[in-house]
Structure formats: structure tokens, C-alpha cells
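**Student:** Each residue of the sequence shown is one higher than the last, beginning at 1188 in this note's numbering. For glycine and all other residues, C-beta sits at the position ideal for the given N, C-alpha and C. There's a structure below that I have some questions on.
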Amino acid sequence: MVSKITRGIKIIVKVQYVKQSLHLNNLVNFFNYEISIENQGNDVVQLLRRYWLIKDSFNNDEVVEGDGVIGQKPIVNPNETFQYTSGSYIQGVIGSMQGYFTFVNFSTSQIFHVRIPLFNMSVPYIYN
């Protein structure tokens, strides 16, 4: 588990290995990640966009960005948490993800970024 607080928004990431599979004729490893977004500030905020940088064992970079998360643009009130689970895959046995969410503060109309901390994805059997 990793976490980071930016401007009163705490991001907590938990990652879990799922399986190895073929994807577009490449052997890849699938991971699930659970994101918790805790609003520790005093204002209501809404998540508008996401930006991910995914790296794999071969140092390939993949950028994933778009509106919201899992088809939603959640509104997070002070002292509340929004949580979701999604997934990604990497080539090779070790990779990482990091990025940021774009939020709007309803009180000030200010747009701001909240960092998603770097987290590693590694296949469990490589450590045995």
C-alpha cells in the first residue's frame, strides 16, 4: 500500500496480482489496483479526469488518460472517501504506475491536480 496527500486529498493505492495471460499475442501479467480518495479538506471536490503513466519490465511507457474513473466523475464531500477498483496489465514481471487526478473545488471553482503515488506491480513468483 502507498499513499500521498495533495491539497487535502489523500490517495491510497493497494495493488494485487491477478494472472498471466495472452493479450494481442503477447504474454502479459494482469493486476488489480484499489484506489481510495479521502477528502481531508473543508471543501467539496469533484474528480474530472485521470492521467496514468504505466511502465513495464522493458521500460515501455504507456499513457492512459480520460474523463473520470470507471465511468464516473465522483463528488467527494469533506471527510468522505470514494473508492474504486480497476486493472492494468504489463509485459514482463515488474512494472509501475503513477499519475494524477484532476479535480475541481466547488467552493472556489479552482481546477487542481492530485498526485497518484508511484506503486509497483510485480509477479509474486519472482521473489520465491
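Please confirm whether Arg-1194 has its beta-carbon closer than 8 angstroms to some beta-carbon of chain D.
**Tutor:** Among the chains of the structure shown, chain D does not appear; only one protein chain is present.
**Student:** Please list the segments of the beta strand (DSSP E) lying wholly inside the stretch 1232–1272, counting only runs of 3 or more residues, in order along the chain.
**Tutor:** Segments of the beta strand (DSSP E) lying fully in the stretch 1232–1272: 1232–1242, 1248–1254.
**Student:** Among the candidates Ile-1196, Thr-1193, Ile-1198, Gln-1203, whose CA atom is the shortest distance from the CA of Gly-1274?
**Tutor:** The residue with the shortest Cα to Cα distance from Gly-1274 is Gln-1203.
**Student:** Could you tell me whether the stretch 1221–1241 touches the stretch 1255–1268, where touching means 3 or more Cβ pairs closer than 8 angstroms?
**Tutor:** Flag = yes, the stretch 1221–1241 and the stretch 1255–1268 touch.
**Student:** Sorted by chain position, which residues of the same chain lie with C-beta nearer than 6 angstroms to Gly-1286's C-beta, five sequence neighbours on each side aside?
**Tutor:** Cβ within range, chain order: Tyr-1238, Trp-1239, Leu-1240, Ile-1303.
**Student:** Determine which residues share a DSSP beta bridge with Asn-1213 and list them.
**Tutor:** Paired residues: His-1210.
**Student:** Going by C-alpha distance, which of Gln-1270, Phe-1299, Val-1205, Ser-1208 is nearest Val-1256?
**Tutor:** Looking at the Cα atoms, Gln-1270 is the closest of the given residues.
**Student:** Just checking my contact of Lys-1206 with Glu-1221 at CB under 8 angstroms: how many whole Å lie between their CB atoms?
**Tutor:** Between Glu-1221 and Lys-1206 the Cβ distance is about 17 angstroms, and since that is not below 8 angstroms, they are no contact.
**Student:** Measuring CA to CA, which of Ser-1223, Phe-1293, Val-1250, His-1210 is closest to Met-1188?
**Tutor:** It is Ser-1223 whose Cα lies nearest to the Cα of Met-1188.
**Student:** Determine the closest residue to Glu-1252 out of Ile-1198, Val-1280, Gln-1278, Phe-1288, with distance taken between C-alpha atoms.
**Tutor:** The residue with the shortest Cα to Cα distance from Glu-1252 is Phe-1288.
**Student:** Just the C-alpha distance for Leu-1305 and Met-1284, rounded to the nearest angstrom, thanks.
**Tutor:** Spanning the two alpha carbons is a distance of roughly 6 angstroms.
**Student:** Sort out for me which residues DSSP pairs Val-1301 with in a bridge.
**Tutor:** According to DSSP, which records beta bridges pairwise, Val-1301 is partnered with Phe-1288.
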